[in-house]
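Have a look at the structure below, then the notes.
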Amino acid sequence: MLPEHAENITLLFSDVEMPGDTNGFALARYVDEHWPWIEIVIASGRIKPEPGEMPEKATFIGKPFSAAIVHEHLRAKLPDGKKPEPLKTAV
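Going by the working numbering, the sequence shown opens with residue 2, and the numbers climb by one from there.
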């Protein structure tokens, strides 16, 4: 999906644990290498990233988290012109 639609994607939000052979950290590195304009947020309740495991620009959010915490990170990561209306104002 990413190769087809990357030019229209602003943000990747993924869990660390996913079905299949890859995990969120590997996905974050791949996206950063191929589509550096895509912002990256990775979440997990069990696994924390080791130093160097995620791209420097990526953000990690530990679970459990609230909508307010996610909104705060998205406000910080997304450029103003790419923020949906609910993120343009404080919660």
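All residues carry an ideal CB built from backbone N, CA and C; glycine is no exception.
Spatial neighbours of residue i in its chain, beta-carbon cut-off 7 angstroms, leaving aside the 5 residues before and after
| i | result |
| --- | --- |
| residue 74 | 42, 60, 62 |
Through-space distance from residue j to residue i, alpha-carbon basis
| i | j | result |
| --- | --- | --- |
| residue 80 | residue 56 | 18 angstroms |
| residue 35 | residue 50 | 21 angstroms |
| residue 47 | residue 20 | 15 angstroms |
| residue 22 | residue 67 | 29 angstroms |
| residue 33 | residue 65 | 25 angstroms |
| residue 10 | residue 53 | 24 angstroms |
| residue 89 | residue 6 | 25 angstroms |
Rounded distance between the beta-carbons of residue j and residue i, thought under 8 angstroms
| i | j | result |
| --- | --- | --- |
| residue 40 | residue 78 | 4 angstroms |
Cβ-based neighbour list, residue i, same chain, cut-off 6 angstroms, excluding 5 preceding and 5 following
| i | result |
| --- | --- |
| residue 14 | 42 |
| residue 25 | 15, 16, 17, 43 |
Cβ-based neighbour list, residue i, same chain, cut-off 8 angstroms, excluding 5 preceding and 5 following
| i | result |
| --- | --- |
| residue 29 | 13, 15, 41, 43, 55, 56, 59 |
**Request:** Please specify which runs of the beta strand (DSSP E), each continuous and at least 3 residues long, are wholly inside the stretch 27 to 78, giving them in chain order.
**Result:** 40 to 45, 60 to 63
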